[in-house]
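Protein chains: 2
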Amino acid sequence: MFELKAKVLDIVSNKKEVLLNDLDAEREGINVYDRVVLSCNERRVVAIVEITKSFIDTGFVGINGNVQSELDALDGELVKVSLTEVPQSIGYIRKKMKGDKLAKDEINTIVNDVMTGGLSDLEIAGFLFAEQYEGFDPNEVKFLTDAIVGSGEVIDFEEPAYDKHSIGGVPGNKVSLLIVPIIASTGLLIPKTSSKAITSPSGTADSMSVLAPISFEVEELKRIAKKTRGVIVWGGSLNLAPADDLFMRVEYSLQINPKAQMMASIMAKKLAVGVDFLALDLPVGHGTKVDTIEDARKLGREFVELADKFGVKVECGITYGEQPVGHTVGPALEAKEALEALGGNGPTSLIEKSTALAGVLLELSGTTPRGRGQEMAKEILASGKALKKMREIIEAQGGDPNVRAEDIHIGDQRVKILSPADGYVVSVDNEAIKSIARAAGAPIDKGAGIKLHAKRGYIVKKGDPLVEIFAESAAKLSEAQALTMKLEPITVEGMLLGKVS
Amino acid sequence: MFELKAKVLDIVSNKKEVLLNDLDAEREGINVYDRVVLSCNERRVVAIVEITKSFIDTGFVGINGNVQSELDALDGELVKVSLTEVPQSIGYIRKKMKGDKLAKDEINTIVNDVMTGGLSDLEIAGFLFAEQYEGFDPNEVKFLTDAIVGSGEVIDFEEPAYDKHSIGGVPGNKVSLLIVPIIASTGLLIPKTSSKAITSPSGTADSMSVLAPISFEVEELKRIAKKTRGVIVWGGSLNLAPADDLFMRVEYSLQINPKAQMMASIMAKKLAVGVDFLALDLPVGHGTKVDTIEDARKLGREFVELADKFGVKVECGITYGEQPVGHTVGPALEAKEALEALGGNGPTSLIEKSTALAGVLLELSGTTPRGRGQEMAKEILASGKALKKMREIIEAQGGDPNVRAEDIHIGDQRVKILSPADGYVVSVDNEAIKSIARAAGAPIDKGAGIKLHAKRGYIVKKGDPLVEIFAESAAKLSEAQALTMKLEPITVEGMLLGKVS
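Line by line, the protein sequences are chains A and B. One point on numbering: in this note's numbering, the residue at position 478 of the first sequence is 478, and numbering is uninterrupted. One point on numbering: in this note's numbering, the residue at position 187 of the second sequence is 1187, and numbering is uninterrupted.
Laid out in C-alpha cells, this is it:
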C-alpha cells in the first residue's frame, strides 16, 4: 500500500485504467497490466495498470474519467494504491482455455466484467480465442446469449414480432429494404433494427438513412412500429445488448468471429427487440462467412436449436453469396435500387432473394401455407402494396414519403471501367468490390459506391463497361479507380491476368 | 485523406499509436484499432488508432513520443491522415490462425513488427494464441528463435561457453548460485545471465543482487568473465533478445506461455550470450510448468533437437518440482542459504540438485567421464573451491568478497506459523508459498520472504513451526500472515482442513 496524488486524465473509455510512472511501478513491484485497488474518500475501485516514463510524474497516478467518477477524486488528492488480485472472471477465462465447460454464473460474471470495464481488451481476446479454439456447447451459447441480452434494454412490443437477419459477408445486400415493407403490408409486425457498416461499404442502417432518419428512442420506436407495422432503424441508439458491441470491438481488431459468439450476438440482438419469428439468411461460398452448403446447414441447425431454447422460431435460408446482390453497392446507390425494385423495376437477384426470405416469414406466420410464401411475397411486391408501405414507413420515420428513385443524390464524380476483352464474366470478387467502394468514400460519403454493369455469367465485349465508380470528390474517385486497376474485381474469361517480361 | 493539427503527448511507449477525437473518427469512417498513415515534413509513419471523446479536441491528432520522433512534427503542425492497410505481418498471423505453416521471412516480419511497435498488444496476443492452439513445427521454432536472437545484441566470448537454465515454476531455486562457482572453479567459462522475478518472489538476479551489483555493459561483462570464468548478472541491462521481453509482456498479462514461445525464448537468450553447452533443468509435478515426467521427456527431446540446429549441446535434467528447493524463498534468504551451502552447510535438496546439474555440465565438457559428474561437483563443493570462486566473482562484480552468511540483512519483522496437529507433512503448495513471500514484500524488499521449517515427508508435532515469515514492515508481515492462514501452504496429515457448522 502506498500513496500517490491523483492526476485526472480527460480520457473517456469504458476501461478502468490507471497510469503509473515506471519508477513508482518498479519500486512497488507493479507490472504493466497488473491490477491495483485505489481508495480515496472511502471509495474503492480496481483498475488495470499502464506504465509511462514521463507522461505522469513520480508520485502521481493518472486516472481516467471512468475511474475518477467512481472514486470521486479531485486533481492532486491523495489516493491509496495497492496491488490486488485479478477478478474471478479471469479464472473462468483460464478455465475455458483449459477446455473446461463454463457454468451460467461464470459466463455472467465474464460478461458483467466486460461491461464494467473490469477486463482489459487483452483479457477479452483471451476469452474469444478460448471460445474459438475450445468451443462452446449449446448450453454455454445459451448462457452467453442470456448474459448479453441482460447487459442492456429489452423492448416488449406486447405482440408477436417478425424479423430477418443476415450473417453478412455479401456486399449490396439491401434485401431488408424490400422485406420489411412486404411483411408490414400484411399486418405482421416487423421492427427491424440494423447496424451501420463497420468493414463493409453500407449497412442496412446506412442505406435507410438516405431515405429517412434512423435514430430513435425506445418509446418513439414502439409508437412508430405500432402505427406502420414496420420500421428500419439503427440499433446503435437503443442500448440493445451493449456487451455485444464491446466484444465486437475486440473481434474487429483481431478479425476473428468465433461461431458461439456470432450465434449469441445475433440471438441476443433479436431477443432484445422481442422477436418471436426470424428468417435467417446464410450466404455461402468463397468470400462469405460460410464456405460450403454443408457448413451452412450445420450452422443453421445449431441456430434453430439455440433459438428454440428461447421459444423463438427460426427458419434459415441458405443463399448464394459469391457476388453482390443486385447491381449496386453504397448507401445511396442501394437505397435507389431498392426503391426501383419496390416500384417494379429491380434486378432478378434482388427480387428473388428478398421475396424468398419474405416468403419464409409469411409461412412461419401461417399467413400462407408452406411452399406458397415466395409467391405471395411476389404478389405483394407486384401489387404496389410494398412500395406504398415503404412510403408510410419513410414518412413515419421523418423522411420524404414522395421521394423518387431519380431524386436520390448519387456522387457526381464518376468513371466507368471497361472490359479489356470479349468473353464471359467468370468471377466477381466481393472483397475487392468492398474495398473499392470504401475507397470511393462509402459509407461515410452516402453518394459513393459502385454499380456493377456485368455479373457472373454475363457475356461482355471488349470496351463494354464492367463497373462504374461513384464518388463525391475527385481525389477519392481516383483512389478508387487506382484500386480497381490493382484488384481487378471482375474477371472476364480470356482477359490477360498479368504480364511477365 | 484529411488534415489535423498535431498534439504531442508525452507518453513513452514502444507502440505507434495516435489518439483521434471520436467525431473526427466517425466522420472519416475510422474505427478504434484501425491503422492510419500520418504524413508531415515529407515523412510518413503508420500508427494504430485509439479514440477519445474529449482528451483530444476535434481537429487535432494526439501523437506519442514514438510517432512524434519519426514524424518530426511540432505541436500544432498540420499532419495529413489517411486510413491505410494493415501490415503484412497481420496476414501472417491470420495464416497461422488458420493452421498453416509460417516461412522464415514471415516469422521475421512478425518479430520485426513487434520490435518496431507496428503490432498492437492485441495482435501480438493473436499470434501467441495461434501458436498455442495451432502449434509450431520444429522449423518454425527455429525461425522464431533466429528472429528473436536477431532483435538484439549477440555476445561472442571467443571460446566455448557453458550455462545452466531452468524453465522455472519452483520457488527457492537458488541452484545457479552454487553451479556457477563450481563450474568456473574448473576453468570452464560460465557467463550466467539471469532474470529478475516477474511473478515469483525472487529470480537468480534478485538473489545475486544481495551479494553484488548485477547490471553491466557488454564489455564489462566480457572483461569480468574472462578473469573469473564465471559471472551471475542481470540479463535485462544487456539488450539480449529484446523481442522476447515484448512477447513476455503480453504472455504475462494473458498468463499463457505457448511451448514454442518458451523454447524459442530460452534458446534465443542463450544464443545471444554465445552458449555452446547447456544444462537445462525441467522441474516436474503439480504446480510447475510440466505436469508429468513423460511430458518433461518430450519437451527435453524437442529442446535438444532445437539446440542441435544451432550447434548447441543440451542435456536436460528432469527434477522434482513440487516443493521449494532448500528451505528459503526471497532474495536475501536465498543468498544466505546459498552462501551457507557453499560453506559446507546446506540442505540436501539444494546440494543434490546443484551438484547434479553442475555434473551434467562437467560431463558435457569432457572434464569427467559420463556418470562421474555429480561426484566431482560434490568434491569441488566440499573442497571449498566453489566458495573461494564465489568470493572472487562477488569481488569482480563489485561486492564484498568477505561477506558472511550471518551478515546478510534479513527482514526483522518475523512470525512463525505453528503446526495445528501432530503428523506427516503431506504437501507443500508452491503457489501459496510464492504468494505469501510476495505479500511479505519479496522481491522488492530484499529481506522479505519465507523459511520452511518443515517440508514434505517431515514429521511434526502440534506447535512445531511450519514456516517463518520475514518482512521489512509490520504491515506487510501481517498481510503475509493473514494470507498464510487463508492459503495453508503446508498440509499436515491429520490436520483439520475446514469446518462445517
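Note that beta-carbon positions come from the ideal geometry of N, C-alpha and C, so glycine has one too.
Burial check for A/Gly99: the Cβ neighbour count within 10 Å stays below 16, so the residue is exposed. Taking 7 Å as the cut-off between beta carbons, none of the residues of the segment 199-221 of chain A comes near chain B.
At a beta-carbon threshold of 9 Å, the residues of chain B lying near A/Glu28 are Ile1444, ordered along the chain. Taking the C-beta atoms as reference points, A/Thr319 is found nearer than 8 Å to A/Asp281.
For A/Asn21, the enclosing beta strand (DSSP E) has its first and last residue at Glu17 to Asn21. For A/Arg372, not one C-beta of chain B is nearer than 8 Å to its own C-beta. In the assembly as shown, B/Thr1199 is an exposed residue. Its beta-carbon has fewer than 16 other beta-carbons within 10 Å. In the DSSP assignment, A/Leu4 falls within the beta strand (DSSP E) that extends over Phe2 to Val8. Nearest in C-alpha terms to A/Met115, of all of A/Ser349, A/Leu466 and A/Asn239, is A/Asn239. With a minimum length of 3 residues, the unbroken runs of beta strand (DSSP E) contained wholly in the segment 1027-1056 of chain B fall at 1035-1040 and 1043-1052. Counting only the Cα atoms, B/Asp1146 lies some 11 Å from B/Ala1243. In summary, A/Lys298 is exposed, with fewer than 16 beta-carbon neighbours lying within 10 Å of its beta-carbon over all protein chains present.
The secondary-structure analysis by DSSP pairs B/Val1460 across a beta bridge with B/Gly1423. As DSSP reads the structure, B/Tyr1162 sits in a beta bridge with B/Phe1277. DSSP places B/Lys1446 in the coil class of the three-state scheme, outside both helix and strand. Interface residue (Cβ-Cβ distance to chain B less than 8 Å): A/Leu246 is not classified as such. A distance below 8 Å between beta-carbons, with the five flanking residues on each side excluded, links B/Val1111 to the following residues of its chain, in chain order: Leu1144, Ala1147, Ile1148, Gly1150, Ser1151 and Ala1243.
DSSP places B/Pro1201 in no alpha helix (DSSP H); its state is neither H nor E. In this structure B/Asp1163 is in contact with B/Lys1192, their Cβ atoms being roughly 6 Å apart against a cut-off of 8 Å.
For A/Phe136, no beta strand (DSSP E) run applies, since DSSP gives it neither H nor E. Under the three-state reduction of DSSP output, A/Pro465 falls in the strand class.
Residue burial is scored here from C-beta neighbours: B/Thr1204 has at least 16 other C-beta atoms within 10 angstroms and is therefore classed as buried. In chain order, Val32, Tyr33, Ser120, Leu122 and Glu123 make up the part of chain A whose C-beta sits under 8 Å from the C-beta of B/Ser1253. In this model, B/Asp1295 and B/Glu1322 are separated by some 15 Å (Cα to Cα). The alpha-carbon separation between B/Leu1009 and B/Pro1160 amounts to approximately 48 Å. Residue nearest to A/Ile256 within the set B/Gly1135, B/Ile1048 and B/Ile1093 is B/Ile1093 (criterion: CA-CA distance). Among the CB atoms of chain B, one or more fall inside 8 Å of the CB of A/Phe55.
Pairwise C-beta distances place the segment 99-108 of chain A out of contact with the segment 223-234 of chain A, as fewer than three of them are shorter than 8 Å. By the neighbour-count definition (other C-beta atoms within 10 Å, threshold 16), B/Glu1158 is an exposed residue. In this structure, the alpha-carbon of A/Glu406 lies about 18 Å from that of A/Asp445.
Assignment of beta-bridge partners to B/Gly1317 by DSSP yields B/Asp1281.
If you draw a straight line from the Cα of B/Lys1389 to the Cα of B/Leu1362, it comes to about 16 Å. Setting aside the 5 residues that flank it on each side, A/Lys53 is surrounded in the same chain by Asp22, each with a C-beta closer than 6 Å to its C-beta; the list follows chain order.
Under the three-state reduction of DSSP, B/Phe1143 is assigned to helix. At a cut-off of 8 Å, the C-beta of B/Leu1009 has a neighbouring C-beta in chain A. In the assembly as shown, A/Asp412 is an exposed residue. Its beta-carbon has fewer than 16 other beta-carbons within 10 Å.
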